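Spelled out as structure tokens, the structure:
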């Protein structure tokens, strides 16, 4: 059984069969360009808690980050660069646990 044929996805496909994609999905696909394929999961238009301007600013930041990652992929390997701790040493943290119950 592939992920696309699990009962959850089968019932989803049956529920949305014939439904037109939401306007926000069409706008997002137009803004992103050729993404291959996308699924409208019906999670709302995202404007319930944030303004359209805030969402547009966030989408713009994601587009700039994606463009930067394509142009200079090594930046991702060095990230984060502006935090007090650059990379966590997960192996050391696992060996030297500091657990505290307050």
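Numbering (the numbering used here), first residue to last: 100 to 201.
Glycine included, every Cβ here is placed at the ideal spot set by N, Cα and C.
Since this is a predicted model, take the numbers as computed values, not measurements.
Contact between residue 174 and residue 168 holds, since their C-beta atoms are separated by about 7 Å, short of 8 Å. A direct Cα-to-Cα measurement between residue 182 and residue 188 gives close to 15 Å. A direct Cα-Cα distance of roughly 23 Å separates residue 131 from residue 148. Exclusion of the five residues before and after residue 128 leaves 134, 137 as the residues of its chain whose Cβ lies within less than 8 Å of its Cβ.
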